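Residue numbers (our numbering), protein chains in the order written: chain A, 1 to 315; chain B, 1001 to 1113; chain C, 2001 to 2096; chain D, 3001 to 3097.
From the three backbone atoms N, C-alpha and C, an ideal C-beta is built for every residue, glycine too.
These numbers come from a predicted model, not from an experiment.
Below: one structure, written as structure tokens.
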Amino acid sequence: MTIVPALDLFVAGVVLIVAVWTVVARDSSSAVVGFVAYGLLLALVWVRLGAPDVALTEAAIGSGLTGALLIGAAARLRAGESSTSAEHLGGVGRTLVAALATIVAAAIAVALLSLPDPAPSLAPEAAANAGATGLGNPITNVLMAFRAMDTMLEKFVLVIALVGVWSLAPDGAWGGRPRSYHRADPEGALVFLARVLPPLGVVLGIYVLWVSADHPGGAFQGATILAAMWLVVLMAGLGDVPEVGRQQLRLMLVAGPVVFLIVGLGGLLLGGAFLSYPQDWAKPVILAIEFAMILTVAATLALLVAGPPERSAEP
Amino acid sequence: MSETIVFGLCAAVVAGLGLYGAIVNPQPLRKILAFNLLGSGVFLFFGVVARRGAAAGFPGDPIPQALVITGVVVAFSATALALALLLRYFDATGSASLRDGAASNAGPESTDA
Amino acid sequence: MNEFLTVMVGLILALLALGLVRVLRGPGDADRMMAAQLIGTCGIAALLIIGVIGDISAAIDVALVLALLATFAAAAFAECARRAQQPDTPPETEGP
Amino acid sequence: MSAVLDLVTIVAVSAGVFFFLAGTVGLLRFPDTLTRLHALTKADNLGLGLVALGLLPQAGSLQNGLKLVCVWLLVLLAGATVSQLVAQAARREGSSS
């Protein structure tokens, strides 16, 4: 039907308008709003590209958590905005950079348009080996079984990033608590939200994880929703971030990756290769890893958004 | 197959925009924003390649899609680290731009507070 | 039916782009919150219709997550607006 | 029967888009924050509510239909909270400036 490309043109057109807005906008706060809208529209693009799992990830992490990070940073940097000097790149420089950018864009476009007609694809292999794990969702198969090494290393990357963020704390607040604490005013709207939303969010997070076995979903997307709910509680002032030096918190943060590593080594011992699952135990083992993973990843993502410690340890 | 062409061009333009914004914009926050834009353009590139490789009953080749999911998470942690660095630099020097002349007087006494 | 829905999505996305203009004209925090909320709702409506057009039932799950995170972004905006208005008092009172 | 359902979809979705249009135009044209807020909340709950209502007959299963209603309820909660917060922010800006 000729009408369907019009839909794609609409979506792509608005995505480009918002992307140009994000780069060109005058002050950074409206650029951040543009970026949140951009992340949202990207979820639409991913649904049109037939990848609902990635749409979930882009919506949850791309526009949700990244948006919150940027909103917080833009608000804190607004004070310093006046002191920044004018553009340091002259007119000639900008046209040169514009030319470079168009060359890169053209190269990407040519690379995409000149894909051979039976485009190279690993889908047949993924379909052939889908039986090994008994999971219906091909992407969860790839993430947790065929390329389990990537997913495990990704968790270590998250923990390392958190160590990096925590190491940026000023000396006085070492091992203290991130974010400044404020008393929650009981009848505020934010407090009402922080009481009503988290239960719904937790149910949705676990649903997204549970459904990922056979339908689009995933542990990371579920973890992002749980992290967002904890952050709403923190923003409303109903709870306080645990101090960074606490032992249980650090153990919990490392638990996810270590469980994954232990299961991987277990696969090695049981005669298979590293990270190979015993034949008929694949699905329960994968679900066990994902449940252990969702809590630690949720905590890590929330603490990444909370940022480095700013106050000393006492409450 | 029309959406692969439309979104392929969209991915290319977004990547170019991100590159342009990352280089031209003086403020570090805007550079991080533009860098995220560049990242999402590259991920869209993966998405279009996955869509072109749709076979064996899948709407799209699952391998590039799984790589993109991993990539989005890693991109988020990189952005979190970059923003933490920027905010720490802003707290230490009181200015949000990295121009050498701009490191104003607030430098020494606030770092050891 | 799909043709009608496609035209509707086009309209909604045009309105979404218009919503951004409000951010340009009224740079106050309140306007930014409202624009983000409207953009979120327009995005969710467009996503629901696209899910029906392409017959992708997972689009509703994505819309659910987006609805949840639209609230989260609004909370982030609100907290920054509140923090800009009155700086935080050090927590000399007892802990939570 | 399906013709009637399609008719319901067409009428409800176009009404929903009309409210979106009214809300966006209101957001752009109205003079001060509180009147804009009035327009925004109409676009939110009525616009999305009618679109969701219009899509109910097209939704594949009952589960999808229930999820559509959940999406609408969640956006209602979001809209209510944002309206409160925006009103507080507007009042604070009003009183301080």
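May I have the straight-line CA-CA distance separating A55(A) from A1066(B), to the nearest angstrom?
Reading the first sequence from its first residue, position 55 is the one you call residue 55(A). Reading the second sequence from its first residue, position 66 is the one you call residue 1066(B). C-alpha separation (whole angstroms): 12 angstroms.
Please classify E339(A): is it buried, with 16 or more other beta-carbons within 10 angstroms of its beta-carbon, or exposed?
One cannot answer for residue 339(A) here, as it falls past the ends of chain A, which runs 1 to 315.
In chain A, which residues lie with their C-beta within 8 angstroms of the C-beta of T3081(D)?
As a first step, residue 3081(D) must be located in the fourth sequence, where it is residue number 81. Simply A189, L190, F192 and L193.
Here's the rule: buried if 16 or more other CB atoms are within 10 angstroms of the residue's CB, otherwise exposed. What is V18(A)?
Here residue 18(A) is taken as the residue at index 18 of the first sequence, counted from 1. Looking at its Cβ environment, which holds 16 or more other Cβ atoms inside 10 Å, V18(A) is buried.
At the 9 angstroms Cβ level, is G2054(C) part of the contact set with chain D, yes or no?
As a working note, residue 2054(C) is residue 54 in the third sequence. No, G2054(C) lies away from the interface with chain D (no Cβ there is under 9 angstroms from its Cβ).
For V142(A), which residues of its own chain have a beta-carbon under 8 angstroms away from its beta-carbon, when the five flanking residues on both sides are left out?
Reading the first sequence from its first residue, position 142 is the one you call residue 142(A). Excluding sequence neighbours, V142(A) sits near A126.
Measuring only between beta-carbons, confirm whether F1058(B) sits less than 9 angstroms from chain A.
Position 58 of the second sequence holds residue 1058(B). It does: the Cβ of F1058(B) has a partner Cβ on chain A nearer than 9 angstroms.
Comparing alpha-carbon positions, which option in L249(A), M149(A) and V244(A) lies nearest E310(A)?
The residue you call residue 310(A) lines up with position 310 of the first sequence. That would be V244(A), whose Cα lies nearest to the Cα of E310(A).
Let me confirm a value: L113(A) is counted as buried when at least 16 other C-beta atoms fall within 10 Å, else exposed. Which label applies?
Looking up residue 113(A) in the first sequence gives position 113. Under this definition L113(A) is an exposed residue.
Can you pull the chain B residues whose beta carbon is under 8 angstroms from the beta carbon of I139(A), in chain order?
Looking up residue 139(A) in the first sequence gives position 139. Per Cβ cutoff of 8 angstroms: P1062, Q1065, A1066 and I1069.
Can you confirm whether Q3058(D), when its beta carbon is compared against all beta carbons of chain A, has any partner nearer than 9 angstroms?
Walking along the fourth sequence from the start, residue 3058(D) turns up at place 58. Chain A contact via Cβ: absent.
Does the distance from the C-beta atom of P241(A) to that of L193(A) stay below 9 angstroms?
For the purposes of this step, residue 241(A) is identified with residue 241 of the first sequence, where counting begins at 1. For the purposes of this step, residue 193(A) is identified with residue 193 of the first sequence, where counting begins at 1. According to the sequence provided, residue 241(A) is Val. The question's Pro does not apply to it. Their beta carbons are not under 9 angstroms apart, which means V241(A) does not touch L193(A) by this criterion.
Quick check: the Cα distance between L301(A) and A169(A), rounded to an integer number of angstroms?
On the first sequence, position 301 is the one that residue 301(A) refers to. On the first sequence, position 169 is the one that residue 169(A) refers to. Roughly 18 angstroms separates the two Cα atoms.
Buried or exposed: which applies to L2069(C), given that a residue is buried once 16 or more other Cβ atoms fall within 10 Å of its Cβ?
Residue numbering aside, residue 2069(C) sits at position 69 when the third sequence is read from its first letter. Buried, because 16 or more other Cβ atoms sit within 10 Å of the Cβ of L2069(C).
Just tell me which of F1058(B), Y1089(B) and L1044(B) has its CA closest to the CA of I1005(B).
Taking the second sequence and counting its residues from 1, one reaches residue 1005(B) at position 5. Nearest C-alpha to I1005(B): L1044(B).
In whole angstroms, give me the CA-to-CA distance for L3085(D) and A189(A).
As a working mapping, residue 3085(D) is identified with position 85 in the fourth sequence. As a working mapping, residue 189(A) is identified with position 189 in the first sequence. Their Cα atoms are separated by approximately 7 angstroms.
At the 9 angstroms Cβ level, is F949(B) part of the contact set with chain A, yes or no?
A question about residue 949(B) goes unanswered here, because the residues of chain B that appear run from 1001 up to 1113.
Compare the C-alpha of G136(A) against each of S167(A), Y207(A) and G217(A) and name the closest.
The residue given as residue 136(A) occupies position 136 in the first sequence. Checked all of S167(A), Y207(A) and G217(A); the closest Cα to G136(A) is G217(A).
Per DSSP, what kind of secondary structure is S83(A) in: helix, strand or coil?
Locating residue 83(A) in the first sequence gives position 83, where the first residue counts as 1. Legend: pLDDT at S83(A) = 49, less than 50; position of this residue unreliable, value from coordinates given subsequently. S83(A) falls in the coil class under three-state DSSP.
Using the beta-carbon of each residue, which ones in chain D are nearer than 7 angstroms to A2063(C)?
Mapped onto the third sequence, residue 2063(C) falls at position 63. In chain order: V3071.
Can you tell which of V14(A), T66(A), V305(A) and L40(A) has its C-alpha closest to the C-alpha of P178(A)?
On the first sequence, residue 178(A) is found 178 positions in, with the first residue counted as 1. Per the Cα distances, V305(A).
Does T3035(D) come within less than 9 angstroms of chain C when only Cβ atoms are used?
By 1-based counting over the fourth sequence, the position of residue 3035(D) is 35. Not one chain C Cβ lies under 9 angstroms of T3035(D).
Three-state secondary structure (DSSP) at E243(A)?
Mapped onto the first sequence, residue 243(A) falls at position 243. Three-state result, E243(A): coil.
Using only the alpha-carbon positions, how far apart do L204(A) and T57(A) sit?
Position 204 of the first sequence, counted from the first residue, corresponds to residue 204(A). Position 57 of the first sequence, counted from the first residue, corresponds to residue 57(A). Near 14 angstroms, if we compare the C-alpha coordinates of T57(A) and L204(A).
Give me the subset of the stretch 3028-3052 of chain D whose CB atoms are less than 8 angstroms from a CB atom of chain C, sorted by chain position.
Per Cβ criterion, the list reads L3028, T3033, R3036, L3037, L3040, A3043, D3044, G3047, L3048, V3051 and A3052.
Mind checking whether L2018(C) and A2046(C) have CB atoms under 9 angstroms apart?
Position 18 of the third sequence, counted from the start, is the residue given in the question as residue 2018(C). Position 46 of the third sequence, counted from the start, is the residue given in the question as residue 2046(C). Result no, Cβ atoms of L2018(C) and A2046(C) do not sit closer than 9 angstroms.
Given that L2066(C) touches chain A, what residues does it touch there, using C-beta distances under 7 angstroms?
Position 66 of the third sequence, counted from the first residue, corresponds to residue 2066(C). By Cβ distance, chain A contributes L40, A43 and A59.
Go ahead and label Q3058(D) buried or exposed: buried means 16 or more other beta carbons lie within 10 angstroms of its beta carbon, across all protein chains shown.
In the fourth sequence, counting from the first residue as 1, residue 3058(D) sits at position 58. By the neighbour-count rule (16 or more Cβ atoms within 10 Å), Q3058(D) is buried.
Of all the options I206(A), V191(A), P118(A) and V47(A), which has the alpha carbon lying nearest to the alpha carbon of A1054(B)?
Numbered from its first residue, the second sequence carries residue 1054(B) at position 54. Of the candidates I206(A), V191(A), P118(A) and V47(A), the one whose C-alpha sits nearest the C-alpha of A1054(B) is P118(A).
What's the call for I2049(C), buried or exposed, on a 16-neighbour Cβ count within 10 Å?
Along the third sequence, read from residue 1 onward, the residue named residue 2049(C) stands at position 49. Buried is the call here.
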